[in-house]
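Okay, so the sequence shown: first residue is 5 according to the working numbering, each after it adds one.
Below: one structure, written as structure tokens.
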Amino acid sequence: MPGQDVVIDNSTPEFKAYLSLPPSGHGPGLVVLQEIFGVNAVMRGICDQFAHAGFVTFCPDLFWRIQPGIQITDKSDAELQQAFKLYGDYDVDAGMGDIAQAIEVLRERPECDGRVGAIGYCLGGYLAFLTACRTSADASVGYYGVGIENSLHEANDLDRPLMLHIAERDQFVPPDAQARIHAAFDDHDTIVLYDYAGMEHAFARTEGLHFDKASAALANTRTVEFLRKHLA
């Protein structure tokens with residue numbers, strides 16, 4: 005079933021999301037949180053992938069206040085510079101309000117069974133961590149989130165399931181940062197950490213520079229099992 009762009013908030017500019025439905029037309033909701041390249045073909049493909057696995061997926065345009073409709077790649081220096089500029093200009097706290105709104109909008113859609121999770125990559129991986137801590141999401145998953153080590157206190161009262169995938173050779177999450185994350189969360193009751201030996205940042209980005217098919221498949225299998233368990 006092909007995905008479509010839908011409006012979350014018809015303010016000016018409009019706040020939109022990409023919606024993709026499972027073959028059955030309904031299921032638990034999953035808010036997909038973008039990388040720094042916008043709601044591009046990669047993010048739309050991830051939505052379609054998880055929709056095929058049975059989730060009603062919803063990828064909000066988190067850069068809508070800066071420049072709505074961004075769809076760039078990691079394939080050129082100019083696009084990378086643009087992506088990092090967007091990342092630097094992004095207001096995380098305002099973005100968390102957008103994510104909370106997206107969760108509630110998805111929860112109320114007729115295709116959604118009621119429970120809603122979140123999954124994010126890179127910037128979105130960090131936002132997935134904050135989503136677990138700050139919103140009503142029923143379960144969250146973060147892939148190689150950047151900056152989590154600086155916000156460990158956010159999880160002090162976390163009582164909802166969270167899974168984090170950590171790339172051992174992530175140039176944006178160095179060994180010291182990874183050690184701090186493990187020290188804080190290894191014994192946490194609701195947080196599960198997985199390390200991927202030898203993997204670099206964005207190892208699950210299809211066709212990305214560091215894509216690793218085996219590690220991506222393992223992480224995605226763990227993610228689907230986790231989400232099915234907690235969103236059923």
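Glycine included, every Cβ here is placed at the ideal spot set by N, Cα and C.
Here the structure is a predicted model, which means the values were calculated and not measured.
Backbone secondary structure at Thr61 - three-state DSSP: Thr61 falls in the strand class under three-state DSSP.
Asp216, enclosing alpha helix (DSSP H) - first and last residue: Run containing Asp216: none; DSSP gives neither H nor E here.
Three-way DSSP call (helix, strand, coil) for Met100 in this model: The answer is helix: DSSP assigns Met100 an H, G or I state.
Report the option in Cys126, Gln53 and Ile195 whose CA atom is closest to the CA atom of Ala206. Looking at the Cα atoms, Cys126 is the closest of the given residues.
Supposed contact pair Leu90 and Ile70 - C-beta distance, whole angstroms, cut 8 Å: Yes, they are in contact, since the Cβ atoms of Ile70 and Leu90 sit about 6 Å apart, within 8 Å.
Alpha helix (DSSP H) segment containing Gln185, residue limits: As written in the sequence, residue 185 is Ile, which differs from the Gln given in the question. Residues Pro179 to Phe189.
Residue interval of the beta strand (DSSP E) (run including Val196): Where Val196 is concerned, the enclosing beta strand (DSSP E) stretches over Ile195 to Tyr200.
Across the region 192–208 and the region 159–167, are there enough close Cβ pairs to call them in contact, namely three or more that are closer than 8 Å? Counting C-beta pairs closer than 8 Å gives three or more between the region 192–208 and the region 159–167, which meets the contact rule.
In whole angstroms, give me the CA-to-CA distance for Pro27 and Asn44. Spanning the two alpha carbons is a distance of roughly 22 Å.
Sheet register partners of His169 (DSSP bridge): His169 is bridged to Tyr147 and Tyr198.
Cβ-based neighbour list, Cys51, same chain, cut-off 7 Å, excluding 5 preceding and 5 following: Around Cys51, the same chain offers Gly7, Tyr22, Ser24, Val36, Thr61 and Cys63 as residues with beta carbons nearer than 7 Å, after the five sequence neighbours per side are excluded.
Closest Cα partner of Leu84 within the set Glu112, Leu213, Val10 and Glu172: Of Glu112, Leu213, Val10 and Glu172, the residue nearest in Cα terms is Leu213.
Report buried or exposed for Asp191, applying the criterion of at least 16 other Cβ atoms within 10 angstroms of its Cβ. Exposed, by the Cβ-count rule.
Per-residue DSSP class, three states only, for Phe133: Phe133: helix per DSSP, three-state reduction.
Pull up the DSSP beta-bridge partners for Gly124, would you. Bridge partners of Gly124: Leu37 and Gly146.
Verify the contact flag: Asp174, CB atom, against every heavy atom of the ligand ADP, threshold strictly below 6 Å. Within the structure as shown, the ligand ADP is missing, as the structure has no ligands at all.
Would you list the residues sitting across from Gly31 in a DSSP beta bridge? DSSP links Gly31 through a beta bridge to Cys116.
Looking at the strands, I want to know which residues DSSP matches up with Lys20. DSSP lists Val11 as the beta-bridge partner residues of Lys20.
Starting from Leu84, trace the alpha helix (DSSP H) both ways and give me its first and last residue. Element bounds for Leu84: Asp81 to Asp93.
Specify, as a first and last residue, the run of the alpha helix (DSSP H) that Asp78 falls within. That residue, Asp78, is in no alpha helix (DSSP H); it is neither H nor E in DSSP.
Going by alpha carbons, who is nearest to Arg173 out of Asn160, Arg184, Leu162 and Tyr148? Ranking the options by Cα distance to Arg173, first place goes to Tyr148.
Of all the options Ile107, Glu108, Leu34 and Phe67, which has the alpha carbon lying nearest to the alpha carbon of Tyr94? Minimum Cα-Cα distance from Tyr94 among the listed residues Ile107, Glu108, Leu34 and Phe67 corresponds to Phe67.
In the DSSP output, what is Gly42 paired with across the bridge? Paired residues: Gln75.
May I ask you to report which of helix, strand or coil DSSP gives Gly212? Coil at Gly212, not helix or strand.
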